[in-house]
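Colleague:
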Amino acid sequence: MNTKIRTDLILGSKRFSNYAWCFILMTGGIGFCLTGVGSYFNLHTILFVKFSDINFIPQGIVMMFYGTIAILFSLFLMYSIFTDVGGGYNKYDKEKKEIEIFRLGYNKKNKQMLLKYNFRDIKSIKIELKDDINPKREIYLVTKNKNQIPLTRIGEPLLLSDVENQAIELANFLNIPIEGI
Numbered sequence: 014m015n016t017k018i019r020t021d022l023i024l025g026s027k028r029f030s031n032y033a034w035c036f037i038l039m040t041g042g043i044g045f046c047l048t049g050v051g052s053y054f055n056l057h058t059i060l061f062v063k064f065s066d067i068n069f070i071p072q073g074i075v076m077m078f079y080g081t082i083a084i085l086f087s088l089f090l091m092y093s094i095f096t097d098v099g100g101g102y103n104k105y106d107k108e109k110k111e112i113e114i115f116r117l118g119y120n121k122k123n124k125q126m127l128l129k130y131n132f133r134d135i136k137s138i139k140i141e142l143k144d145d146i147n148p149k150r151e152i153y154l155v156t157k158n159k160n161q162i163p164l165t166r167i168g169e170p171l172l173l174s175d176v177e178n179q180a181i182e183l184a185n186f187l188n189i190p191i192e193g194i
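The sequence shown: position 122 = 135 (my numbering), numbered continuously.
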């Protein structure tokens with residue numbers, strides 16, 4: 014292992030939860046659209062549902078609308094998974110005295126984002142912890158001009174011990190202090 018270069022891979026949209034939500038939304042959306050279409054044509058049964066009991070106006074139209082929205086969200090999520098939005102790496106190079114942060118984005122203008130910082134521009138590593146309904150456990154790179162660059166993935170929170178260990182290892186590697194513990 015090279016002791017002069019450290020690389021941390023960042024997981025993007027290719028998470029199990031995104032695959033699960035994509036499947037749920039697509040399946041539900043198709044089901045709702047089939048129900049709406051079945052109520053319009055007064056079909057007797059498809060998938061064990063008696064559509065003749067559902068009036069096309071207003072229930073069938075509403076079900077088709079919600080089904081279409083679910084399918085569109087599912088397609089958007091498929092695109093996000095396919096392009097791995099948010100994925101990338103953090104590279105810390107002691108030889109060049111440089112930190113390189115790379116992330117993938119959505120559109121052509123911001124398809125790839127690459128940030129480079131010199132070690133002399135870095136003030137500290139900051140840990141931000143918030144335990145609420147939606148817990149927040151993130152590690153930031155703090156620059157001397159007070160910018161905070163997130164180093165951890167967004168989404169599923171990491172274990173508290175993992176966040177602390179990562180921050181300590183990184184601070185020791187870069188020889189900078191830690192804020193927020």
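The beta carbon of each residue, even a glycine, is placed where N, CA and C say it ideally should be. No experiment lies behind these values; they were computed from the predicted model shown.
Buried or exposed for Tyr102, going by 16 or more other Cβ atoms inside 10 Å?
Modeller: Its Cβ having fewer than 16 others within 10 Å, Tyr102 is exposed.
Colleague: Could you round the C-beta distance between Phe186 and Arg19 to whole angstroms and report it? I think they count as a contact, below 8 Å.
Modeller: That belief holds up - the Cβ atoms of Phe186 and Arg19 are roughly 6 Å apart, short of 8 Å.
Colleague: Decide if Gly105 is buried, meaning its Cβ has at least 16 other Cβ atoms within 10 Å, or exposed.
Modeller: Sequence inspection shows Tyr at residue 105; the Gly mentioned does not correspond to that position. Tyr105 should be labelled buried.
Colleague: Extract the residue ranges of the beta strand (DSSP E) inside the region 125-184, only unbroken runs of 3 or more that lie entirely within it.
Modeller: 125-131, 135-143, 149-156 and 161-163
Colleague: If you reduce the DSSP assignment to three classes, tell me which class Asn31 lands in.
Modeller: helix
Colleague: Let me make sure I understand the geometry here. Which of Pro163, Lys63 and Phe115 has the alpha-carbon closest to that of Ser137?
Modeller: Pro163
Colleague: Between the Cα of Ile94 and the Cα atoms of Leu85, Ser26, Leu172 and Ala184, which residue gives the shortest distance?
Modeller: Ser26
Colleague: Reducing DSSP to helix, strand and coil, say where Phe115 ends up.
Modeller: Phe115: strand per DSSP, three-state reduction.
Colleague: Would you kindly report the start and end of the unbroken beta strand (DSSP E) that includes Gly101?
Modeller: Gly101 to Asp106
Colleague: Checking 9 Å against the spacing of the C-beta atoms, do Val155 and Lys139 come in under that value?
Modeller: yes
Colleague: Check Leu21 in the structure and name its three-state DSSP category.
Modeller: Here residue 21 turns out to be Asp, not Leu, going by the sequence shown. DSSP places Asp21 in strand when its eight states are reduced to three.
Colleague: Is DSSP giving Ile191 helix, strand or coil here?
Modeller: In the three-state scheme derived from DSSP, where H, G and I count as helix and E and B as strand, Ile191 is classed as strand.
Colleague: Among Phe86, Ile146 and Tyr153, which one has its Cα closest to the Cα of Glu192?
Modeller: Tyr153
Colleague: Could you check whether Lys129 and Ile114 sit closer than 9 Å to each other, using their CB atoms as the reference points?
Modeller: By the CB criterion at 9 Å, Ile114 and Lys129 fall inside the cutoff.
Colleague: Find the nearest neighbour of Ala33 within the set Gly49, Cys46, Met91 and Ser52, judged by alpha-carbon distance.
Modeller: Met91 is the residue among Gly49, Cys46, Met91 and Ser52 whose C-alpha sits nearest the C-alpha of Ala33.
Colleague: Does the separation of the CB atoms of Gly49 and Phe86 fall below 9 Å?
Modeller: no
Colleague: Contact check, Ser52 vs Asn68 under 8 Å by CB: the rounded distance?
Modeller: 7 Å
Colleague: If you check the beta carbons only, do Arg166 and Leu24 fall under 9 Å apart?
Modeller: In this structure, Leu24 lies closer than 9 Å to Arg166 by Cβ.
Colleague: Out of Ile135, Asp175, Gln72 and Leu22, state which residue places its alpha-carbon closest to the alpha-carbon of Arg150.
Modeller: Asp175
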